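Per the working numbering, residue 823 is the first one in the sequence shown, and the count goes up by one each step.
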Amino acid sequence: MIIEKISKNVAGFRLLNRIIYERSFQTEKGGDVQVNSNDLERYIKLYRKSVLGAALCYVRNTSDAEDIAQDVFIKLYAYKGSFESDEHIKAWLVRCAINHSKDLLRSFWYRCSEPLEAAAEKVHYDTREGGGLPEAMSKLNPKVRIVLNLHYYEGYSAKEIAQIMHTTESAVLHRLSRGRKQLKDILINERNEVKDGLQESL
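Here you go:
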């Protein structure tokens, strides 16, 4: 029943087989599973988009982002520590997504992967809506993009982002300021290009 529920609520999310394997592995080893199947289903519903959004700030396509999200939720499933609240869990998941994304970017396989393959699924921030803004976001440096994502899409304060990113609040504020300016410049340039194109067609 739980498998059917997750597969319906998280369409296309390649998590089920790995979850089943990890669960049986934990049982065989006699380990304490801190997150049961009902908890896991709830956290996937609540935070899947946030985890995917964080991953997409770094990696080049949705397939890689989904793989990262899958690993992050499996890590939550196997985690033996405790959390203060659901918000603490969300911040932990986002931090894990960032770390996994950075690890992937540093990997030999990812750096040497076929460029055409990356181009075929080039990330365009497709987990969000908002016209030209998502496309403009995809042109930013990942370190700037993740800060904007956490602040404007996830509602975190600069102080909270600093804690998640393991950096200083002043560094976060600097990236927010730089990101806003860069976004503004990108959107203005795109608007001017559209105007020029319309004038040429007349």
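The beta carbon of each residue, even a glycine, is placed where N, CA and C say it ideally should be. None of the values given here were measured: they were computed from a predicted structure.
Item                                                                                                                                                 : Value
Buried or exposed, going by whether 16 or more other CB atoms sit within 10 Å of the CB of Asn-971?                                                  : buried
Counting only the same chain and skipping the five closest in sequence on each side, list residues whose C-beta sits under 7 Å from that of Asp-893. : His-922
Determine the closest residue to Ala-876 out of Ile-1008, Ile-983, Leu-1005 and Asn-860, with distance taken between C-alpha atoms.                  : Ile-983
Would the beta-carbon of Lys-924 fall within 8 Å of that of Tyr-880?                                                                                 : yes
Can you say whether Ile-890 is buried or exposed, counting buried as having 16 or more other CB atoms within 10 angstroms of its CB?                 : buried
Report, in whole angstroms, the separation of the C-beta atoms of Arg-917 and Val-966, which I expect to be a contact under 8 Å.                     : The Cβ separation is near 18 Å, so there is no contact.
Return helix, strand or coil for Met-899, following the three-state DSSP convention.                                                                 : With the sequence shown as reference, residue 899 is identified as Tyr, and Met is not the correct amino acid for it. Three-state result, Tyr-899: helix.
Mind checking Ser-872: buried by the 16 CB within 10 Å criterion, or exposed?                                                                        : buried
What's the gap between the Cα of Gln-1004 and the Cα of Ser-960?                                                                                     : 12 Å
DSSP state of Gly-977, grouped into three classes?                                                                                                   : coil
Our contact map puts Leu-898 next to Leu-915 with C-beta atoms below 8 Å; I'd like the distance itself, whole angstroms only.                        : 6 Å
With DSSP as the reference, label Lys-912 as helix, strand or coil.                                                                                  : helix
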